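All residue numbers for the sequence shown refer to this note's numbering, where the first residue is 203 and numbers rise by one.
Here the structure is laid out as structure tokens; the discussion comes afterwards.
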Amino acid sequence: MGETKYIFVTGGVASSLGKGIISSSIGKLLQARGYNVTIQKFDPYINIDPGTLNPYEHGECYVTVDGHEADLDLGHYERFLGIQTTKANNITTGRIYKSVIDKERRGDYLGKTIQVIPHITDEIKRNVKLLGNKYKFDFVITEIGGTVGDIESLPYLESIRQLKWELGQNALCVHLTYVPFLAAAKELKTKPTQHSVKELQSLGVQPDVLVLRTEHDLSMNLRKKVALFCNVEESAVVQSIDASTIYEVPLLMQEQGLDETILRKMGLPIGDKPKLDSWKEFLNRRANATEEVTIALVGKYVELQDAYKSILESLSQASTYNDRKLKIEYVQSEQLTPENVEEKLAHTDGIVICPGFGSRGIEGKFVAAKFAREHNFPTFGICLGMQCIAIEFARNVLGYENANSVEFDEKTKYNVIDIMEEQKAITNMGGTMRLGAFECIVNKNSKAYEAYKQEHIQERHRHRYEFNNDYRKQFEDNGMKCVGINPESDLVEIVEIPTLKWYLGTQFHPEYSSTVLHPHPLFVSFIKAAIDK
Ligand code: GLN
């Protein structure tokens, strides 16, 4: 296509409006027209990456194939576009500053005073353009975290101002705002949008497209008014109304010609409207599924939807491909006991034991694993969940009293889950886990193989502890098989009990690679087993 085009997505009025979904939807529509698209996220916090963040802060930590701990929006980008993102797709203020300070220490700035403008903004711009220059994408969509008006976002908005000036028609700003409905007055209000655009303009950035989040249909008159007050063309004011699923948003944007407006403004040919057949087929199946499949999610962040975002999306995609509606029951593992486990789990069709760190709620996960094993419930243990499945098996089948992971009991006599050798000397917590995609060989005679239909797989990891190979023989002799092994390190990556319907644990996170058009085979197979139950 020639020069890379840069689209910036900013947000105003409130946070949590769904900039990630809008960015993904724009990306999807451009990709459907044959363009090579990527999306990156700039997070205005000072952490180097979200790897050290508690899920209460920004939800789940997503992991890219190249082992970067990233914001959960990258999960949306991958699920919508079916692309793989990397470390270059998620930058934080901390990383920008660190890079500038490292350069300063090396003497790269030749005695200059280091300032926000131009040094920090140059580093931001370098990171925006890196994807275009190095990887030759046709479109780089850059989502700016936070809300216009935040002190933290200022250097990013200044960088957009400079880039728009430098790149002319090759740069475009999409601003997402919110139009509240005042119930008492029965009126939709555009003033917050006007203020937010003014704020952006005061920083020298004129938005080219406005996307208005709303719970009610916005009239043409209202959109005209917004266009008039904000210096934006009428056709470039679109609404983003609450949808039954986030995967409908690309179609809602297409109906309003958002992709055409973007192409026209960037001087590109419009061409034919993409049909998005397989996407629509997915949505149809989703809408037509009436029967439910009920999955219990056993974890400690049950009040926090975003903590298990990718697992929820993977389960929901897999349910759609099994023509079922997904019903999730959150089960707080801290409150799960042998006394109440029946009441909490017996009525469900399948059980997911969630990943996590630290001992809070851990005993409840063992209780769930035991119940599921003894009652032959389809069960999927992910990362820590796999470790829990193994620990419970050691305690109750192998008879190793108080077997544990050394993460929870350093002195346990039966350390069936142990710290990885390479982790022992590590003292820094940031970015030091076993991270990213590693190879795994799947035993042909296993449930896992039945799902993958492939011997060589690559899956993403994020952990410090591992299955202790000293116990492998005892586990296998007694019915829990190690059916996925890393060929280089010999680490156990998948365990299962073949005599049960579907009782499987993975040390890796399959949820990071399930997408709308390519649901992950393990999730599809797990949901199928849950339905067959
Ligand atoms: N806490 C466990 C470990 O570090 C599991 C991590 C996870 O579930 N992501 O090995």
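A virtual CB, placed ideally from N, CA and C, is assigned to each residue, including glycine.
No experiment lies behind these values; they were computed from the predicted model shown.
Whole-angstrom distance between residue j and residue i, CA atom to CA atom
i    : j    : result
G229 : Y673 : 48 Å
K675 : S512 : 33 Å
L378 : K338 : 27 Å
L514 : S727 : 15 Å
P471 : T206 : 15 Å
Q233 : V239 : 6 Å
K502 : S516 : 19 Å
A373 : S361 : 12 Å
N249 : G204 : 36 Å
D461 : Q656 : 38 Å
G566 : V543 : 9 Å
V569 : T539 : 6 Å
G459 : K649 : 45 Å
T288 : L424 : 40 Å
H418 : V330 : 35 Å
V399 : S217 : 15 Å
C585 : A509 : 14 Å
A548 : I564 : 20 Å
Close Cβ partners of residue i (< 8 Å) along its chain, the five nearest in sequence each way excluded
i    : result
I619 : Q589, A592, I593, N606, S607, V608, E609, Y667, E668, F669 and N670
L453 : L478, W481, K482 and L485
G213 : L219, K221, I346, G348, T349, V350, H377, L378 and T379
L255 : N249 and C263
Proximal residues to residue i (C-beta, below 6 Å), its chain only, five neighbours per side dropped
i    : result
L724 : A653 and P712
A272 : Y264, T266 and N292
S226 : H278, Y279 and F282
Q456 : L231
Terminal residues of the beta strand (DSSP E) in which residue i lies
i    : result
Q242 : V239 to D245
R674 : Careful: R674 lies outside any beta strand (DSSP E), inside the alpha helix (DSSP H) at R674 to D679.
V533 : K527 to Q534
R636 : R636 to V644
D620 : I619 to I621
V554 : G552 to I555
Q441 : V439 to I443
N249 : Where N249 is concerned, there is no enclosing beta strand (DSSP E), given that its DSSP letter is neither H nor E.
A498 : E494 to G501
G686 : K683 to I687
H377 : A373 to Y380
Contacts around residue i, its chain only, beta-carbon distance under 7 Å, and the 5 residues preceding and following it disregarded
i    : result
E325 : I298, S301 and V302
G406 : R363
L369 : Y208
K572 : E594 and N598
Residue i: CB within 7 Å of a non-hydrogen atom of the ligand GLN
i    : result
C375 : no
Y667 : yes
E623 : no
E401 : no
E609 : yes
C585 : yes
F559 : yes
R562 : no
R664 : yes
Q371 : no
Q589 : yes
Terminal residues of the alpha helix (DSSP H) in which residue i lies
i    : result
L567 : Correcting the residue identity first, residue 567 is Lys in this sequence and not Leu. Here the alpha helix (DSSP H) through K567 covers I564 to E576.
N433 : N433 -> no alpha helix (DSSP H), and no H or E assigned at all.
S518 : K511 to Y523
K230 : K221 to A234
F282 : D275 to L283
E462 : L460 to K467
Y667 : Not the alpha helix (DSSP H): Y667 falls in the beta strand (DSSP E), residues Y667 to F669.
V302 : T295 to R308
L702 : Run containing L702: none; DSSP gives neither H nor E here.
G213 : G213 -> not in any alpha helix (DSSP H); beta strand (DSSP E) instead, spanning K207 to G213.
P728 : Reading off the sequence shown, one finds Phe at residue 728, where the question assumed Pro. F728 -> alpha helix (DSSP H) spans P723 to D734.
I593 : L586 to N598
Check whether residue i and residue j have beta carbons under 8 Å apart
i    : j    : result
A627 : E661 : no
E695 : F677 : no
R415 : Y449 : no
V413 : I464 : no
A574 : I553 : yes
L506 : I530 : no
K735 : D551 : yes
P246 : T295 : yes
F210 : T344 : yes
C642 : I621 : no
L702 : N578 : yes
K243 : D268 : no
R737 : T522 : Residue 737 cannot be examined here, being either before or after the span of the chain that is shown, 203 to 735.
Residue-chain proximity (residue i, chain B), Cβ-Cβ < 8 Å
i    : result
A385 : Absent from the structure is chain B; it holds one protein chain and no more.
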